[in-house]
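Protein chains in written order, with the working numbering: chain A, 887 to 1091; chain B, 887 to 1091. All residues carry an ideal CB built from backbone N, CA and C; glycine is no exception. Here the structure comes first, spelled out in structure tokens, and everything after it is commentary.
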DNA sequence: TATGTTAATGACCCGTGGGTCATCAACTCA
DNA sequence: TGAGTTGATGACCCACGGGTCATTAACATA
């Protein structure tokens, strides 16, 4: 008869549970993730999760907010504080976005689950769109306009859907999620290609 | 007491079931798709599905093969039979790919489910990679080489990962799957932007 | 019309997993 | 140190859905 040892850690629990949750979600997806497995990974009993999150759905919502929150806003700083050519700024922004979105296993996982389960979580989908996608698009738009204003970029680029510029990044994210085993992606090299083709596609001369 | 009317349609069943299956899969995803719903949509009883497909997994495999099969190979014809500038050919290839992949609800659905459930179907994932992705990449690579050989494209483009060129298309696909409700995508206009930026990014002068 | 064959049915079985709650133990404070 | 509070536990409950199979009815054949 071994004694059952319990630990009371009201403060630390939520974060521990979120960490365990995204780990399991990333491995097997939302539908295949069992609450019991998340609990096991967090080193607690299943019931404990329900002390902090009412349902599985709410736990997922917690995961999204926790791991997406810190990203937001950083991009904005870049563009206002930077002095230099628009070209340099664009290149820097793209690399930054790769680091934040493609380079983060957690954020790739969130994106993947929103792709698969998005219809069941419309509020999270629009949250993601509002906080990540449309911010990114706005940023691209702003940078392109700046480049045109400074005479570095062609004027026609203003008629291009800014999402096109972000496109290759999404592909890289998708690739790392599903094809990396069969054919690993060198993100560094890929990102260089992305910057290169965008720069050329956008600049005058 | 209404009579139960049964129809015997051994030949037509598999295709009817596959059609019902992809419809349901596209609406709710693999994990949330119930065999009973697929049966209902096909106008048959649940047990009937199992006369033609051993398991749910196998049914999904059938869906992928059925709706992906016809795509393959068409792209190849394009490049061998076409006489013209490499630039025209690239533009045409991109537009063609949009029509085939982004424009088809069924193929977007398959891609979405492979993203979410890919880990559970490694053989399907590698099938998709082999038959769709790496073909696309090879095609891009070939076209770029041709453009360089004909002196239309810059030589540096050969060092760019061809997947970058396909990237925006993947984004369009993802977008239509999850964000179209909150912010609908004009695929035509988006594709034009894609062609434009790639052409500029790739051509000399 | 009778008989055999087989496509089709749907009630049923049962493993699975989200969610509950009576019980317990860690900690507090008097 | 004893009573009260509350974080933690895990056995249990039960809805759900994949898969089965005895039964039924459509069609062929003679």
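Cβ neighbour criterion (16 or more within 10 Å) applied to residue i
i	result
residue 891(B)	exposed
residue 1029(A)	buried
residue 995(A)	buried
residue 1088(B)	buried
residue 1106(B)	Only positions 887 to 1091 of chain B appear in this structure, which leaves residue 1106(B) out of reach.
residue 975(A)	buried
residue 998(B)	buried
residue 969(A)	exposed
residue 1041(A)	exposed
residue 1018(A)	buried
residue 897(A)	exposed
residue 1058(A)	buried
residue 906(B)	buried
residue 1091(A)	exposed
residue 1082(B)	buried
Neighbouring residues, chain A, relative to residue i (Cβ below 7 Å)
i	result
residue 1069(B)	1015
residue 900(B)	Within 7 Å Cβ-Cβ: nothing; residue 900(B) doesn't reach chain A, min ~26 Å.
residue 982(B)	Per Cβ cutoff of 7 Å: no residues; residue 982(B) is ~17 Å from chain A at best.
Beta-carbon proximity of residue i to residue j, cut-off 7 Å
i	j	result
residue 1051(B)	residue 1084(B)	yes
residue 1054(B)	residue 1080(B)	yes
residue 1064(A)	residue 912(B)	no
residue 993(B)	residue 987(B)	yes
residue 903(A)	residue 922(A)	no
residue 924(B)	residue 910(B)	yes
residue 972(A)	residue 920(A)	no
residue 1077(A)	residue 917(B)	no
residue 938(A)	residue 894(A)	no
residue 1046(A)	residue 1056(B)	no
Distance between beta carbons of residue j and residue i, contact taken as under 8 Å
i	j	result
residue 1001(B)	residue 930(A)	31 Å between Cβ atoms; not a contact.
residue 934(A)	residue 1068(B)	Actually they do not touch by this definition, with Cβ atoms about 35 Å apart.
residue 936(A)	residue 908(A)	Not confirmed; about 18 Å, so no contact.
residue 983(A)	residue 955(A)	About 17 Å; that fails the 8 Å criterion.
Per-residue contacts from residue i into chain B (C-beta, under 8 Å)
i	result
residue 1076(A)	1047, 1049 and 1050
residue 1000(A)	1064
residue 1025(A)	In chain order: nothing, as chain B lies at least about 15 Å away.
residue 1060(A)	1001, 1056 and 1060
residue 1019(A)	1065
Cross-chain neighbours of residue i in chain A, by beta carbon under 9 Å
i	result
residue 1088(B)	1083, 1086 and 1087
residue 914(B)	1005 and 1006
Chain B contact residues for residue i, given Cβ-Cβ distances below 7 Å
i	result
residue 990(A)	Going along chain B, no residue has its Cβ under 7 Å from residue 990(A), so there is no contact; the nearest lies around 17 Å.
Listed by chain order, chain B residues near residue i by CB distance under 9 Å
i	result
residue 917(A)	915, 916, 917, 918, 1002 and 1003
residue 1011(A)	1064, 1065, 1067 and 1068
At a cut of 8 Å, does the segment 1032-1049 of chain A reach the segment 940-948 of chain A through at least three beta carbon pairs? These segments do not touch.
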